[in-house]
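Take the sequence shown: its position 8, counting from 1, is numbered 7 in numbering that gives the first Met the number 0, and each next residue is one higher.
A virtual CB, placed ideally from N, CA and C, is assigned to each residue, including glycine.
The structure appears below as structure tokens.
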Amino acid sequence: MTVKSRTRIFSSHGQPVLIGAKVGEGGEGAVFEVPDQRDVVAKLYHKQIDAKRATKLSAMASLRSEKISRAAAWPLDTLHVGDHSGTVIGFLMPKISGYKPIHTLYGPKSRRAEFPDATWLFLVHAAANVARAVANVHDHGVVIGDINHANIVVSNDAIVKLIDCDSFQFTANSTQYLCEVGVETHTPPELQGRSFREVVRTPNHDAFGLAVVIFQLLFLGRHPFSGTYLGSGDIAIDQAIREFRFAYGSSARSHQMAQPLNTLPLAIVSPPVAALFERAFSLKGVGDRARPTPNEWLVSLEELKKACKRCSHSNAHYYPATLTMCPLCEVEKSSGAILFNFTSIVTAQARSEFNLQAVWAQIIAVPSPGPLPTVGSTSAFKASTSKRAAAVRLKRDVRLVGGVMIIAIGLVIAISVGGSATWWIIGVVAIAAYAIIRSDDEQAATDIRKNLEDAQTRLKTIEARWNKDAGPDRFDSMLRELDEKKNRYEGLKQLRQRRIRQLHAQARDRQMQRFLDLHRILDAEIPGIGPARIAMLQSYGIETAADVTEEDVFKVPGFGPVRTRSLLDWRRAIEQGFVFDQRRGVDPSDIQAIDREISFTRMRLEDDLRRGPDTLRQVSQQVVSVREAVGPELEAARQDVDQAKADLMAIS
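Here you go:
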């Protein structure tokens, strides 16, 4: 049945309803304007619905309240063909104008186009409003069931509305109306693979989908279960969900998962918010009411907003004040992507106050710690034999004298006895004398040799530290690094000119990229690329046709030759519709992007150069401190070696 075939359409109260122009279309039906009701639209189904669906719509209209209508596009009335008792063909609902699908907010490229003023704190605010809307619906005893990126819309003020309410689950007049649809990327592990036609959803099931949407907002479109599987083969998102393989969680490694490169760490959110994600995506969350409720999210997200500070380099970047570095800056630096439209928060006047010559004069004025000094010579130190070594030597001398005396006495006796016993006596005396002379204190001698080895090892360690930390190398290296940054700073103007010349030379390619960026994978119908595959692509930074290259797609888990070829064919088909307009020249937004990048580089260089004098002074002081502390240690270690050598010489 089509709109043209409907001669007359009525509300359930018998009022005729005029159907105007089509404003949108989905899988089940299309949405039309109602000319005589400015704030209302009509959803008409493509196919005739069954009696149970019609009864559900009537029951929903009867449950409508002002509060739930603020959170959701709740059905206002049923639409009938012929008269008010005719077949239900659709329903009236509030007109949602000025709202956009939430995935256009969390996707970096679509966000920069659709929400040009959005900051990361805006995403936190929107996430809190999603939780607020879900809490509102739950307060009415209604379960959403199919929470996903397609049935949540958001305004430029971060106000959130839930749409497609005719699929919600609720009970009215002792009849339970189920939610019979679902998207695998937002379905909890305990419901994966099940038919929704017989499943009674619970608020705890909604809590999983809510956590996924909040994660996608705060982590810029990444899905919490799309990561790199560290085992053999690949794992699809639905399987990762079933097996609780949260790629960003504390147990990710034990689940053989790693988050994709160039993604935000879990530390971008406060510890309480991170703990809510851990609960929502773990095995413990399967229990009744075990996952975080919308109100828990609301409280923690509001606290996160208060705990954030603005980045010193970009006024769109916010992060918890407990962190020392901005994670958003780190992702932009490592990936080369621009996540938000804003950059430097320093005004042109403030930038002009940076005087490179004055700063550099301060840098070179910092005195160097000078060359590695010579530690005091040990020639003045004359090692004398220690008491222990002297005692060992004395015992040895006494034994030697005793042995000689025994030999002398033995010879006298042997000569006086004479005869055949002479040689026997000489032999016994010789053996006795040898035994006395060789009965040394071996343990003491071993200890003295060990002392020398230990002293030499300790000296080598201290000398290594002395050569490494007491010399001017660190200071000189830091000065060279600052000199390189000074040269880079002085070359920024020339760099901008070169980059703009490149834009002119690449005008056709840039126009092509911009044209391809208009075609989002999420809006396309590509063979073999469903919601789970799209979420995986987004998690690896592939959002539009411009991002589709064979090399990049092959890096995404689950994308072999067949699916990669499907994406490349889709891109090639889009490229066929591109027409180069030579009159357009360089797009101003491309120049703005260069200026943002150069501004970001200027800010970092200025910060580093401003800190240069203090950094050099700190390095110099550290070198001096090492010299003061290690110099005496080095001298003492050398004396210990000399002493050990003297002792060893004394007993040798």
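For the options 565, 606 and 407, the alpha carbon positioned closest to that of residue 528 is the one of 565. In the DSSP annotation of this structure, residue 36 is not part of any beta strand (DSSP E), being labelled neither H nor E. In the three-state reduction of the DSSP assignment, residue 208 falls in the helix class. In the three-state DSSP reduction, residue 502 falls in the helix class (H, G or I). For the pair residue 395 and residue 373, the Cα-to-Cα distance works out to about 40 Å. Looking only at 553, 163 and 507, the smallest Cα-Cα distance to residue 582 is reached by 507. Scanning its chain for C-beta atoms nearer than 6 Å, with the 5 sequence neighbours on each side dropped, one finds around residue 234 the residues 228, in chain order.
Setting aside the 5 residues that flank it on each side, residue 370 is surrounded in the same chain by 471, each with a C-beta closer than 7 Å to its C-beta; the list follows chain order. Look at the stretch 543-613 and you find these whole runs of alpha helix (DSSP H), each 4 residues long or longer: 549-553 and 560-574. Separation of residue 40 and residue 295 (C-alpha to C-alpha, rounded to the nearest whole angstrom) is 34 Å.
Bounds of the alpha helix (DSSP H) holding residue 355 are 355-363. Approximately 7 Å separates the beta-carbon atoms of residue 209 and residue 130; this is inside 8 Å, confirming the contact.
Residue nearest to residue 267 within the set 322, 480, 632 and 19 is 322 (criterion: CA-CA distance).
Taking a cut-off of 8 Å for Cβ pairs, the stretch 237-253 and the stretch 310-319 do not touch, as fewer than three such pairs fall below it. By the neighbour-count criterion, in which 16 or more other beta carbons inside 10 Å mark a residue as buried, residue 106 falls on the buried side. Between the alpha carbons of residue 541 and residue 621 lies a distance of about 47 Å.
Excluding five sequence positions before and after residue 283, the CB atoms of its chain that fall closer than 8 Å to its own CB belong to 289, given in chain order. For residue 105, there is no enclosing beta strand (DSSP E); the enclosing alpha helix (DSSP H) has its first and last residue at 102-105. With contact defined as three or more Cβ pairs closer than 8 Å, the stretch 107-115 and the stretch 303-312 are not in contact. Excluding five sequence positions before and after residue 154, the CB atoms of its chain that fall closer than 7 Å to its own CB belong to 97 and 98, given in chain order. Residues of the same chain with a CB within less than 8 Å of the CB of residue 23, apart from the 5 flanking positions on each side, are 29 and 30 in chain order. Runs of beta strand (DSSP E) with 3 or more residues, each lying fully within the stretch 78-132, are found at 87-93 and 98-100, listed in chain order.
For residue 597, the CB contacts under 6 Å within the same chain, skipping 5 residues up- and downstream, are 491 and 495 in chain order.
Between residue 511 and residue 558, the gap from beta carbon to beta carbon reaches 8 Å or more. Non-local beta-carbon contacts of residue 569 in its own chain, meaning distances under 6 Å to residues more than five positions away in sequence, involve 525 in chain order. Here DSSP, grouped into helix, strand and coil, assigns residue 201 to coil. Between residue 276 and the set 486, 222, 326 and 259, the nearest pair of CA atoms involves 222.
A Cβ-Cβ contact shorter than 8 Å links residue 623 with residue 368. Between residue 152 and residue 132, the CB-CB gap reaches or exceeds 8 Å. Residue pairing from DSSP places residue 23 in a beta bridge opposite 30.
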